[in-house]
Amino acid sequence: MYEKGKEEGIEQGIKQGLIEKSKEKTKQLFNKYYSKEDDSILENLNSEEYDKIFEMILDNRSIEEIKDILK
Numbered sequence: 000m001y002e003k004g005k006e007e008g009i010e011q012g013i014k015q016g017l018i019e020k021s022k023e024k025t026k027q028l029f030n031k032y033y034s035k036e037d038d039s040i041l042e043n044l045n046s047e048e049y050d051k052i053f054e055m056i057l058d059n060r061s062i063e064e065i066k067d068i069l070k
């Protein structure tokens, strides 16, 4: 029972770490290309959403398109 709980905790930690890494990279890129925009729109997203926004920034999508995805 202890081992199962330990494994689940490790798995959750790994997932959270991946989300935090995606968030940090996306926010850095967002702030570079959209420096006049409030990056708080990037809070509380999941890993897939951060990846999508990251790709949109790399594809030079407009801030309006990015905001539409987040609605």
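The numbering of the sequence shown is numbering that gives the first Met the number 0, which starts it at 0 and goes up by one.
Every residue, glycine too, gets a C-beta built ideally from N, C-alpha and C.
| Query | Result |
| --- | --- |
| Are the beta-carbon atoms of Phe29 and Leu41 separated by less than 8 Å? | yes |
| Would Ile62 and Ile52 be called neighbours here (beta carbons separated by less than 8 Å)? | no |
| Taking a contact to mean a Cβ-Cβ separation below 8 Å, would you say Tyr49 touches Lys22 in this structure? | yes |
| Tell me the rounded alpha-carbon separation between Ser46 and Ser34. | 22 Å |
| Among Thr25, Glu10 and Glu2, which has the Cα closest to the Cα of Leu57? | Thr25 |
| Look at the alpha carbon of Lys5 and the alpha carbon of Asn43, and state the distance between them as a whole number of angstroms. | 26 Å |
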